[in-house]
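For reference, the structure is listed below as structure tokens.
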Amino acid sequence: MRRRFSVRDIAVQAGLSEATVDRVLHERPGVRAGTVEQVRRALADLERQQSQVRLTGRVVVLDVVMSAPRRFADAVRTALEAELPALHPATVRARFRTCAGADGAWVAAELDRVLRTGSHGVVLQAPDSPAVRAAVQRLADGHVPVVTLATDLPGSARRGYVGADNRGAGSTAAYLLTQWAPDPEEPVLVVRSRQQLDNERERSRGFEATLAQLEGSVRPVVDVVDDDRDPAVLEDAVVAALGERPGLRAVYSMCAGAGGNPAVLRGFERRGTRPVPFVVHDLDGENAAMLARGDVSAVLHHDLRTDCRRACRLLLRAPLARDEHVGTASAIQVLTPFNVPGRER
């Protein structure tokens, strides 16, 4: 296994002993396949974070534990690693433990592992469950601060929350749909995730409450589920929904995974029509391309890099502000093809 980093750097990044890492690097027998994979992931992390590795001085290691769709987990990784150099003079490195669709038991086990291996802080996105809350309490008791990202654990031992105003995002989607599709009898197709995390439930509450407030009635909602594993499944579900409701055209994609929104579009095209309006979340590469082509009407976006920067700074400040608990919701931006950040004018 080729390497450019010291055994110590790799061990810190992998959360393993130097002796174990040395055995993996020299391909000695008796090492579990999972341990080898941990070292490979650590080397990949170090390659991406090599500007931080070159810095001297005390290293601060943060752990990111996420039960989230791959697309969002990848976006968080990219955003956080882009922010690490800006945290100088602190030398901050990040370790990632992510799994799409993982339950509270998996998250709690990963948090306990972080506690055993040692960490300066945890960025956490997880379902709200007793097991997760208990693990967060154990970390707090062990003086490892936790900041929740995107989904919160209110009333837990976490030190703060950063992320979007999810209820406000759902309300914004409802407002846009009533402007583009003003007939309260016209149904709307809502794309939900298989996982149904708390951020999605908050979006749903805001969406439904605002529709009722603006229209004085309950607009018909047709739900389809994106399982984040095979976009073709979602595409077929959209085709079936359109077959049952031929007049269906408005879409709110509440929490689609990678390939989900293009699958919705293909489902409409198979029925010889297009979704109008089509409101989605997050300006990643896939949605940015769809917005530029006019395939989606608007993207509800918040600055993930700002969220990651706030999370890191909360964790770095935690030893100096032990009683501080902060909740910070990011403002939602409504992006169209004409106000995309960085667009040439």
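First residue of the sequence shown: 50, per my numbering; consecutive thereafter. Quick reminder that beta carbons are idealized off the backbone N, C-alpha and C, glycines included. Bear in mind that the values here come from a model prediction, so they are computed numbers and not experimental data.
C-alpha distance - aspartate 277 paired with phenylalanine 145, whole-angstrom precision: Looking at the two C-alpha atoms, the distance is approximately 20 Å.
_Span of the alpha helix (DSSP H) around serine 220_ = Unbroken alpha helix (DSSP H) run through serine 220: 215-229.
Practice task
Might you give, ordered along the chain, the residues of its own chain that have their beta carbon closer than 7 Å to the beta carbon of arginine 394, omitting 5 neighbours on each side?
Solution key: Any reading at arginine 394 needs caution, since the residue's pLDDT is 47, under 50, leaving its predicted position unreliable; the model's value is listed next. No residues qualify anywhere along the chain.
query: Going by Cα to Cα distance, which pick from Arg119, Met303, Val271 is closest to cysteine 148?
result: It is Arg119 whose Cα lies nearest to the Cα of cysteine 148.
Thinking just about the alpha-carbon of each residue, which of Ala258, Ala128, Thr166 is nearest to the one in valine 61?
-> The alpha carbon of valine 61 has as its nearest neighbour, out of Ala258, Ala128, Thr166, the alpha carbon of Thr166.
> In the structure shown, what three-state DSSP assignment does aspartate 276 receive?
Replying inline: In the structure shown, aspartate 276 sits in coil (DSSP, three-state: anything other than H, G, I, E or B).
_Local conformation of leucine 198 per DSSP, three classes_ = In the structure shown, leucine 198 sits in a strand (DSSP, three-state: E or B).
In the DSSP assignment, the alpha helix (DSSP H) including arginine 243 goes from what residue to what residue? Premise fails: arginine 243 is in no alpha helix (DSSP H) and is neither H nor E.
Margin query: Rounded to the nearest angstrom, what separates threonine 140 and valine 109 at their Cα positions?
Written below: One Cα belongs to threonine 140, the other to valine 109, and the distance between them is close to 6 Å.
### Task
Note down, in chain order, each residue of its chain lying with its Cβ closer than 8 Å to the Cβ of threonine 322, except the 5 sequence neighbours on either side.
Within the same chain, threonine 322 has close Cβ partners Leu291, Arg298.
**Asked** How far does the alpha helix (DSSP H) with threonine 259 in it reach, from first residue to last?
**Response** In the DSSP annotation of this structure, the continuous segment of the alpha helix (DSSP H) that includes threonine 259 starts and ends at 247-264.
Tell me where the alpha helix (DSSP H) around methionine 339 begins and ends.
-> Methionine 339 -> alpha helix (DSSP H) spans 334-342.
By how many angstroms is the C-alpha of serine 220 removed from the C-alpha of alanine 117?
Roughly 23 Å separates the two Cα atoms.
message: For glycine 308 and alanine 286, what's the separation of their Cα atoms in angstroms?
response: Between glycine 308 and alanine 286, the C-alpha separation is close to 14 Å.
- Task: Mind listing, in chain order, the continuous alpha helix (DSSP H) runs of no fewer than 4 residues lying wholly within the region 286-327?
- Result: Fully enclosed alpha helix (DSSP H) runs of 4 or longer: 309-319.
Sequence-distant residues of the same chain with beta carbon closer than 6 Å to glutamate 284, five excluded per side: Excluding sequence neighbours, glutamate 284 sits near Ala312, Arg315, Gly316.
task: Using a threshold of 8 Å, state whether the C-beta atoms of leucine 225 and valine 328 are closer than that.
output: Closer than 8 Å, so yes.
Let me know the secondary structure DSSP gives aspartate 112 once reduced to three states. Correct three-state label for aspartate 112: strand.
Taking all protein chains shown into account, do 16 or more other C-beta atoms lie within 10 angstroms of the C-beta of glutamine 98, making it buried, or fewer, making it exposed? Label assigned to glutamine 98: buried.
#### Entry: Bridge partners - serine 379, DSSP secondary structure assignment
The secondary-structure analysis by DSSP pairs serine 379 across a beta bridge with Ala213.
Tell me, please, which residues DSSP counts as bridged to alanine 167. Note on residue identity: the sequence assigns glycine, not alanine, to residue 167. Per DSSP, glycine 167 has no beta bridge partner at all.
### Query
If you scan the region 121-197 from start to end, which runs of the beta strand (DSSP E) of 3 or more residues do you find wholly inside it?
The DSSP assignment places 140-147, 170-174 as complete runs of the beta strand (DSSP E) inside the region 121-197, in order along the chain (cut-off: 3 residues).
Original post:
Exposed or buried, what is threonine 385 when buried is set at 16 or more other beta-carbons lying within 10 Å of its beta-carbon?
Top reply: Taking all protein chains in view, the Cβ of threonine 385 is surrounded by fewer than 16 other Cβ atoms within 10 Å, so the residue is classified as exposed.
Quiz item: Can you tell which of Pro134, Gly170, Gly334, Val181 has the C-alpha that lies nearest to the C-alpha of arginine 366?
Solution: Out of Pro134, Gly170, Gly334, Val181, Gly170 has the C-alpha closest to the C-alpha of arginine 366.
The alpha helix (DSSP H) spanning valine 73 covers which residue range?
Counting along the chain, the alpha helix (DSSP H) containing valine 73 begins and ends at 67-74.
Using the rule of at least 16 other Cβ atoms within 10 Å of the residue's Cβ for burial, across every protein chain shown, is phenylalanine 387 buried or exposed? Of the residues assessed, phenylalanine 387 falls on the exposed side of the cut-off, its CB having fewer than 16 other CB atoms within 10 angstroms.
Original post:
Cβ of histidine 330 within 8 Å of Cβ of leucine 349?
Top reply: Yes. Within cutoff.
- Query: First and last residue of the alpha helix (DSSP H) that includes valine 56?
  - Reply: In the DSSP assignment, valine 56 falls within the alpha helix (DSSP H) that extends over 56-63.
Checklist entry - Who pairs with glycine 350 in a beta bridge, going by DSSP? => result According to the sequence as given, residue 350 is histidine; it is not glycine. Gln382.
From glutamine 186 to arginine 207, what does the alpha carbon distance come to, in whole angstroms? Cα-Cα distance, rounded: 8 Å.
Going by beta carbon distance, what residues of the same chain come within less than 8 Å of methionine 339, once the five residues before and after it are set aside? Taken in chain order, the residues that qualify are Asn310, Pro311, Leu314, Val329, Val345.
Point to revise | Residue burial classification, proline 269 (beta-carbon count within 10 angstroms, cutoff 16) | key: Proline 269 counts as exposed, since fewer than 16 other C-beta atoms from the protein chains shown sit within 10 angstroms of its C-beta.
| request: Look at alanine 213 and alanine 199 and say whether their C-beta atoms are less than 8 Å apart. | output: With respect to the 8 Å criterion, alanine 213 and alanine 199 are classified as neighbours on the basis of their beta carbons.
Three-way DSSP call (helix, strand, coil) for valine 88 in this model: Valine 88: helix per DSSP, three-state reduction.
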